Amino acid sequence: MSARWTRRPGTWLTVALALVLAGVLIAALGRGNARPGTAAAGSPPPSASTTAPVPVKDPDWMRPLRPGEKPPQFVLFSFDGAGSHEHWSRYLSLAQSVHAHFSGFLSGIYLLTDEQRSRYTGPGHKPGAASIGFGGSAAEVATRVQDLNTAVAAGHQIGTHYNGHFCAGAEPGVGRWTTAGWTDEIGQFSRFVDDARDHLGLHLSATDVTGGRTPCLEGNWAQAFPAMRAAGYTFDSSQPSDGVKWPTKLDGIWEFWMPYVQVPALHKKVIMMDYNLWYQLGHSKNDAGRYTQATLDTYRGAYRAAFDGNRAPLVIGNHFNDWAGGAFSRAAEGFMGEVCTKPETVCATYAEVTKWMSLQDPAVLDKYRSMPLAQSG
Ligand SMILES: [Zn+2]
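Going letter by letter, the sequence shown gives residues 1 to 377 in full-length UniProt numbering.
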């Protein structure tokens with residue numbers, strides 16, 4: 001940092017002031033991958049709570065559209081689970097290299113060690129039961145906290161994938177939960193996050209989490225949304241749409257739709273989520289090359305349709321997974337690497353796109369919302 005300052009011709013007073021103001025930023029840079037000008041989102045660690053916040057400079061595109069200007073083509077990469085150190089490392093470094101922001105939807109029980117599993121009781125389930133694993137050893141949880149902190153410092157968003165991942169068949173699955181069940185589940189997620197903040201140094205509070213994706217995209221929305229709203233959530237990204245569709249405010253929550261899009265290799269439409277693609281492509285463990293190519297072609301077609309059409313934000317939904325030999329992670333990485341640097345294209349978080357929408361003239365956005373949903377051929 002010193003070399004950067006000594007090149008500046010400003011007075012020593014300016015430099016000294018700037019250094020004071022930059023103190024927290026320097027600390028953030030030491031912790032993670034933050035670039036100057038990106039937000040150090042979330043709560044500061046307790047020791048820094050009396051320090052002035054870092055001024056956040058908005059990116060160039062965070063402004064109202066100019067007359068006649070098209071919306072940026074937003075691409076929202078979002079990863080469910082968000083527990084794997086290897087995947088965090090890969091995506092964090094790739095995102096930094098292509099100036100992308102993305103969202104990790106954390107499974108809350110990944111913040112509990114295996115020994116702490118009885119701290120979680122899913123609605124209608126026994127204490128310690130879940131359809132996914134818990135957080136592993138204390139060292140693994142500590143590594144996860146570091147990954148989450150690095151992500152937050154770099155401007156990525158942490159949302160929720162809830163806790164026990166109870167889908168249809170693991171009854172009562174999330175599709176059968178009442179509002180009380182969802183309130184219980186969200187309350188436990190919030191407690192796991194705040195406990196990790198208080199005891200493990202997580203730079204995130206439950207109040208920083210403003211939405212997420214339900215397990216297997218399931219849920220009775222009439223029951224779930226009141227609980228999400230009561231928790232202060234502002235978005236969900238679980239419900240399907242027939243084509244790429246602008247986010248819609250449903251019952252006080254922004255729904256960022258999961259689009260059904262054409263999969264060229266299958267000549268049919270599939271919901272654009274890794275598991276759904278894998279299932280429809282044959283669910284084999286040993287067809288990695290074909291799956292990666294088919295998924296990349298699907299992403300490219302959907303992106304092109306949205307870019308040339310209604311410019312609706314494109315949600316790329318994945319897990320941190322190694323299914324089919326890592327085929328779907330490679331497809332997401334390949335697409336992130338190529339799409340985020342394209343002209344008029346911004347790889348952003350849900351919070352960023354929500355803020356951008358709030359800055360627009362509603363009549364201008366309505367014009368794009370009224371266009372046909374983007375359909376890839
Ligand atoms: Zn999931």
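For each residue, glycine too, the CB sits at the ideal point set by N, CA and C. As the structure is a prediction and not an experimental result, all values here were calculated from the model.
Query, Result
"Local Cβ density within 10 Å of THR292, reported as buried at 16 or more and exposed below that", "buried"
"Boundaries (first-last residue) of the alpha helix (DSSP H) holding GLU333", "323 to 339"
"Element boundaries [beta strand (DSSP E), containing TRP254]", "253 to 255"
"Contact under 8 Å by Cβ, SER376 with GLN262", "yes"
"GLN157 in three-state terms, based on DSSP", "strand"
"Beta carbon of GLY232 nearer than 8 Å to that of HIS161", "no"
"Pocket of ligand 1 defined by Cβ to heavy atom distance under 7 Å", "ASP80, GLY81, HIS161, HIS165, PRO215, CYS216, HIS319"
"CB contact flag (MET258, ALA302, <8 Å)", "no"
"Under 8 Å between C-beta atoms of PHE102 and HIS156", "yes"
"CB contact flag (ALA288, GLY326, <8 Å)", "yes"
"GLN73 - containing beta strand (DSSP E), residue span", "73 to 81"
"Short Cβ contact (8 Å threshold) for PRO372 with ASN318", "no"
"The stretch 132 to 146 in contact with the stretch 170 to 178 per 3-pair CB rule at 8 Å", "no"
"Per-residue burial, residue 456 [other beta carbons within 10 Å of its own, 16 or more giving buried]", "A query on residue 456 cannot be resolved here, the shown segment of the chain reaching from 1 to 377 and no further."
"Backbone CA spacing between PHE112 and SER78 [nearest angstrom]", "Before going further, note that residue 112 is Leu rather than Phe in the sequence given. Distance between the alpha carbons of LEU112 and SER78: 22 Å."
"Buried or exposed (CB count within 10 angstroms, at least 16 for buried), ALA312", "buried"
"Reduced DSSP secondary structure (H/G/I, E/B, other) of CYS216", "helix"
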